[in-house]
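In my numbering, the protein residues as written are 6 to 313. Structure first, commentary second.
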Amino acid sequence: MVFGVKKYALATSSGVRPTNEDRFRIITNLELFGKGLLTTERASIQNYDDALLQRTMESYVNNKGSAPVYDVNTLLKAKTASDTELYGIYDGHGGARCSSLLALLLPLYLLRHPDFAYSIENAAKQACLAINDEILKREAANQCEGGSTAITLLIRKDIAYFCNTGDCRAIIVSRQGVIALTTDHKAANEVERRRVEESGGMVLYVRGVPRVNGRLAVARAFGDSELKECVISLPDVTTHELTPEDEFIVLASDGLWDALPNEQVLSCIHNNPWLSTQEMAKVLIDRAIELGSMDNITVLIVDVRKQP
6 MVFGVKKYAL ATSSGVRPTN EDRFRIITNL ELFGKGLLTT ERASIQNYDD
56 ALLQRTMESY VNNKGSAPVY DVNTLLKAKT ASDTELYGIY DGHGGARCSS
106 LLALLLPLYL LRHPDFAYSI ENAAKQACLA INDEILKREA ANQCEGGSTA
156 ITLLIRKDIA YFCNTGDCRA IIVSRQGVIA LTTDHKAANE VERRRVEESG
206 GMVLYVRGVP RVNGRLAVAR AFGDSELKEC VISLPDVTTH ELTPEDEFIV
256 LASDGLWDAL PNEQVLSCIH NNPWLSTQEM AKVLIDRAIE LGSMDNITVL
306 IVDVRKQP
């Protein structure tokens, strides 16, 4: 069963903060994008006309970047290659340069990886590690600052791949209930805490919030060069075969989830069937702010109901 290109809706808000460090990227066909036949449908990339970022974009498109170089057209002719959709949210901290670079570079690194046509899971993991190396180089050269978490959804045929680093989150709203697809990599997570300690770091409570070395509330992120020994960019990649019972995939930055648990998001959607997905994305943000969210909030809803 092949579901085809999905309908989607996105809403983003700075919330109670003066600036919005969240970024997003939506490409409905990565293969066509890689061939130059499709531009990004929606994107939020800070300072996209910045000369540094523009040169970066041009260098990768022209096979001159520092990413591994493979012939994209040859790779995409592979018989196992298929149309792949990309939906991503990148939640920056300490500035938006890191989240902007993620939104810009991740599709390109995915397309360049030799396993992309055959193993999205391996391609996604290796792409994230390579991008983090690039970000750390830029931080060392004072061309980037801060860090970012990330949640990227890739859909190929009827398989959804969830690539998560940090505390953004993805769920599926189905007719049978809610399905959690990601694990929050917060410093409070026992598995992450042990990993941090084994790498020489520690988790300290600052005003009641557990933080890596007393600084960062997440144990996995891109950038954050001062914590690179214990904060890693390696994502968890989980898969889910879409079924007729599945209705919506909800991706969001932690500004939503810190205020609205999974079940409340499910209830909001099921209790308001007359709302469009765009209206629902905004309702979820408004509800999170009402409940006290103090962070930027970005919500992306992908409609995976089988179209008649």
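Cβ coordinates follow ideal geometry from the N, Cα and C atoms, glycine included. Values in this document were obtained by computation on a predicted structure and should not be read as measured data.
Simplified DSSP assignment, three categories, for residue i
i: Leu91; result: strand
i: Ala286; result: helix
i: Asp300; result: coil
i: Val214; result: strand
i: Glu26; result: coil
i: Asp263; result: coil
i: Ala14; result: strand
i: Lys311; result: coil
i: His245; result: strand
Exposure label - residue i; buried when at least 16 CB within 10 Å
i: Met285; result: buried
i: Leu80; result: At Leu80 the pLDDT is 42, less than 50, meaning the model places this residue with poor confidence and gives no usable figure here.
i: Trp279; result: exposed
i: Arg102; result: buried
i: Leu232; result: buried
i: Leu209; result: exposed
i: Arg236; result: Per the sequence shown, the amino acid found at residue 236 is Val instead of Arg. Val236 is buried by the Cβ-count criterion.
i: Tyr123; result: exposed
i: Glu295; result: exposed
N- and C-terminal bounds of the beta strand (DSSP E) containing residue i
i: Ala3; result: Only positions 6 to 313 of the chain appear in this structure, which leaves residue 3 out of reach.
i: Ile237; result: No beta strand (DSSP E) holds Ile237; DSSP gives it neither H nor E.
i: Ser19; result: It is not in any beta strand (DSSP E) - Ser19 carries neither H nor E in the DSSP assignment.
i: Asn169; result: Ile164 to Thr170
i: Val183; result: Gly182 to Ala185
Bounding residues of the alpha helix (DSSP H) (the contiguous stretch that carries residue i)
i: Val196; result: Glu195 to Glu203
i: Leu221; result: Where Leu221 is concerned, there is no enclosing alpha helix (DSSP H), given that its DSSP letter is neither H nor E.
i: Cys149; result: From DSSP, Cys149 is part of no alpha helix (DSSP H); its letter is neither H nor E.
i: Leu37; result: Leu35 to Gly39
i: Arg117; result: Arg102 to Arg117
i: Ser179; result: Careful: Ser179 lies outside any alpha helix (DSSP H), inside the beta strand (DSSP E) at Arg174 to Ser179.
Residue i versus residue j - alpha carbon distance
i: Arg22; j: Gly260; result: 11 Å
i: Glu139; j: Leu186; result: 28 Å
i: Cys149; j: Cys273; result: 38 Å
i: Pro249; j: Gly151; result: 41 Å
i: His190; j: Val214; result: 14 Å
i: Asp291; j: Val242; result: 30 Å
i: Gly297; j: Gly41; result: 43 Å
i: Gly219; j: Glu202; result: 13 Å
i: Val211; j: Asn194; result: 16 Å
i: Ala146; j: Gly20; result: 32 Å
i: Ser204; j: Val217; result: 11 Å
i: Leu256; j: His245; result: 14 Å
i: Leu37; j: Arg30; result: 15 Å
i: Asn34; j: Thr89; result: 5 Å
i: Gln181; j: Asp308; result: 16 Å
i: Ile127; j: Thr170; result: It should be pointed out that residue 127 corresponds to Asn in this sequence rather than to Ile. Going from the Cα of Asn127 to the Cα of Thr170 covers about 15 Å.
i: Asn277; j: Leu289; result: 11 Å
i: Asp172; j: Lys12; result: 25 Å
i: Asn267; j: Met207; result: 29 Å
i: Tyr114; j: Ser179; result: 32 Å
Check whether residue i and residue j have beta carbons under 9 Å apart
i: Val183; j: Leu116; result: no
i: Pro112; j: Ile177; result: no
i: Ala135; j: Leu159; result: no
i: Ser281; j: Ile94; result: no
i: Trp262; j: Arg198; result: no
i: Thr24; j: Ile302; result: no
i: Ala165; j: Ala192; result: no
i: Leu305; j: Ala14; result: yes
i: Gly97; j: Ser105; result: yes
i: Leu155; j: Phe227; result: It should be pointed out that residue 155 corresponds to Ala in this sequence rather than to Leu. Against a cut-off of 9 Å, the Cβ pair of Phe227 and Ala155 comes out as a contact.
i: Asp163; j: Leu247; result: yes
Chain D contact for residue i (CB, 9 Å cutoff)
i: Thr187; result: Here chain D cannot be found, since the structure has a single protein chain.
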